[in-house]
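Residue numbers (my numbering): 588 to 882.
Don't be surprised by glycine CBs; every beta carbon is placed ideally from N, CA and C.
A quick note: this is a predicted structure, and the numbers were derived from the prediction, not measured.
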Ligand code: FPP
Ligand code: MG
């Protein structure tokens with residue numbers, strides 16, 4: 588991972604602008620999940636650390652833009668760039684990271700470059716759907732999972748596919764791994780929004796529903812409630828709840844086991860990912876760590 592961090596530092600330096608160095612140094616690196624996958628799938632390829640750095644810069648750019656879109660005050664436990672330096676700066680820093688990543692990406696083989704580039708179109712579409720879907724209550728599970736696939740899983744899937752291409756491995760197998768890992772990862776993220784506290788999350792807890800996001804535990808809850816309770820849940824959508832309302836939602840989720848049900852789906856997706864790469868211990872470990880993260 589040190590080689591990835593060194594590549595990231597080099598790319599940031601090459602932007603040749605002190606302000607970019609200053610702002611970038613304020614960002615937290617995060618779990619580097621996408622970079623880890625690339626290094627594990629193509630450990631011996633000389634360009635794997637660069638590809639990993641490119642994907643991490645794209646991911647960082649997408650989060651900078653996402654925080655502007657969500658008007659988020661914190662990211663990974665620290666103040667977001669839009670909060671400290673304003674939305675204009677956050678958008679442009681995202682543009683710089685994103686375009687620098689692409690400047691390097693075009694030097695890779697066409698298949699590798701296309702795999703990553705098309706994933707960025709997909710994740711942007713996913714983000715647009717996410718915003719549109721937050722406008723009103725959504726109880727359609729399939730629609731929600733389609734959006735999650737685009738918003739989160741496509742870049743993870745593309746990282747797995749592109750590194751398999753680099754390493755001359757079976758691309759299809761790694762695509763299945765990346766896709767299912769990405770979906771399970773986001774479902775667990777959605778669960779943690781409800782079960783974890785602010786200190787653990789690095790952002791306000793139970794904030795998804797306030798932002799209008801109807802994640803799986805809310806979709807399952809809606810389906811389980813009676814008509815009157817359904818109305819109440821709809822009334823609470825996209826609003827800051829009182830302490831009583833928050834407790835009511837949590838109690839109802841417990842009663843109808845909607846967190847467990849969501850977690851079961853994450854576990855099932857994780858099992859499918861495992862089956863695709865069962866002989867690769869380190870890739871299986873990534874899944875196990877992710878599943879453990881939720882409790
Ligand atoms: C976080 O989701 C957001 C994403 C995973 C993708 C965001 C994508 C874009 C803004 C479009 C792409 C733009 C560029 C420049 C590549 P979330 O809001 O559900 O999660 P959070 O709780 O971590 O904010
Ligand atoms: Mg967000």
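Rounded straight-line distance, which links the Cα of residue 611 to that of residue 833: 36 Å
Supposed contact pair residue 636 and residue 594 - C-beta distance, whole angstroms, cut 8 Å: 5 Å
Contacting residues, own chain, Cβ-Cβ under 8 Å from residue 653 (five flanking each side not counted): Within the same chain, 659, 714 come within 8 Å of residue 653 by CB-CB distance, once the 5 residues on both sides are set aside.
Cβ-based burial, residue 822 [other Cβ within 10 Å; buried from 16]: exposed
Alpha-carbon to alpha-carbon, residue 861 and residue 874: 7 Å
Alpha-carbon to alpha-carbon, residue 867 and residue 650: Going from the Cα of residue 650 to the Cα of residue 867 covers about 30 Å.
Collapsed DSSP secondary structure at residue 829 in the structure displayed: coil
Range of the contiguous alpha helix (DSSP H) that encloses residue 611: 605 to 613
Nearest-angstrom Cβ-Cβ length linking residue 668 and residue 613, presumed shorter than 8 Å: 7 Å
Which of helix, strand or coil DSSP assigns to residue 665: strand
Closer than 6 Å to the ligand MG: residues, by C-beta to nearest heavy atom, in chain order: 653, 657, 659
Alpha carbon of residue 786 to alpha carbon of residue 776, nearest angstrom: 15 Å
Nearest candidate by alpha-carbon position, reference residue 706, set 720, 725, 749: For residue 706, the closest C-alpha among the options 720, 725, 749 is that of 749.
Alpha-carbon to alpha-carbon, residue 709 and residue 800: 19 Å
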